[in-house]
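J.: Here our numbering is used: the first residue of the sequence shown is 9, the next is one more, and so on.
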Amino acid sequence: MAPSREIGEFTVEVDHMPGDVFMVTVAPSGAPGSLVSTFLWQPLK
């Protein structure tokens, strides 16, 4: 289970993937399963 945090009306979940890539999922808190957006983020080195 990825760590998640509620920010206002949204739940933000962050998965740490191999290769220092993070998958960030943002969904409305009141309607789990109705996905707003998922994106990959890789910090600059």
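C-beta atoms are modelled at their ideal positions from N, C-alpha and C, and glycine is treated no differently.
Is the separation between the beta-carbon of Pro51 and that of Asp28 shorter than 8 Å?
T.: The sequence position of residue 51 within the sequence shown is 43, counting from 1. The sequence position of residue 28 within the sequence shown is 20, counting from 1. Contact flag set, yes.
J.: May I have the straight-line CA-CA distance separating Gly16 from Pro26, to the nearest angstrom?
T.: One-based indexing of the sequence shown puts residue 16 at position 8. One-based indexing of the sequence shown puts residue 26 at position 18. In a straight line, the C-alpha of Gly16 is about 30 Å away from that of Pro26.
J.: What residue range is occupied by the uninterrupted beta strand (DSSP E) comprising Asp23?
T.: Taking the sequence shown and counting its residues from 1, the one referred to as residue 23 is at position 15. Note, Asp23: beta strand (DSSP E), Phe18 to Met25.
J.: What is the DSSP secondary structure of Ser45, reduced to helix, strand or coil?
T.: Taking the first residue of the sequence shown as 1, we reach residue 45 at position 37. In this structure, Ser45 counts as strand in the three-state DSSP scheme.
J.: What does the alpha-carbon distance come out to for the pair Phe30 and Glu21?
T.: Position 22 of the sequence shown holds residue 30. Position 13 of the sequence shown holds residue 21. Whole-angstrom Cα-Cα distance: 10 Å.
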